[in-house]
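Trainee: Numbering (my numbering), first residue to last: 13 to 86.
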């Protein structure tokens with residue numbers, strides 16, 4: 013059981029990393045030194061960006077649940 017959950021956890025981790033890296037970064041190179049970036053303000057997520065954001069949240073919750081279950085079973 014723990015082996016299957018460990019495989020699921022690895023798959024969720026890879027998907028979580030990919031979904032985080034695919035999201036738009038609001039901090040440009042100008043914000044690196046503390047300055048304001050042109051597009052660093054709040055923006056409304058639409059379409060694929062909203063779907064990816066929601067999928068990232070769901071995936072992170074699933075990753076945490078699987079991690080907790082593995083912790084309890086081990």
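Note that beta-carbon positions come from the ideal geometry of N, C-alpha and C, so glycine has one too.
Since this is a predicted model, take the numbers as computed values, not measurements.
Check for me: the alpha helix (DSSP H) holding residue 21 runs from which residue to which?
Mentor: Element bounds for residue 21: 14-34.
Trainee: Ends of the alpha helix (DSSP H) at residue 56?
Mentor: No alpha helix (DSSP H) holds residue 56; DSSP gives it neither H nor E.
Trainee: Comparing C-alpha positions only, which one of 23, 17, 63 sits nearest to residue 34?
Mentor: It is 63.
Trainee: By Cβ distance below 8 angstroms, which residues in the same chain neighbour residue 59 in space, the five residues on each side in sequence not counted?
Mentor: Result list for residue 59: empty, nothing under 8 angstroms.
Trainee: Taking only the alpha-carbon atoms, compute the straight-line gap between residue 79 and residue 67 and give it to the nearest angstrom.
Mentor: Rounded to whole angstroms, residue 79 to residue 67 spans 18 angstroms at the Cα level.
Trainee: Compare the beta carbon distance of residue 81 and residue 17 with 8 angstroms and say whether it is the shorter of the two.
Mentor: Yes, the pair counts as a contact, with Cβ atoms nearer than the cut-off.
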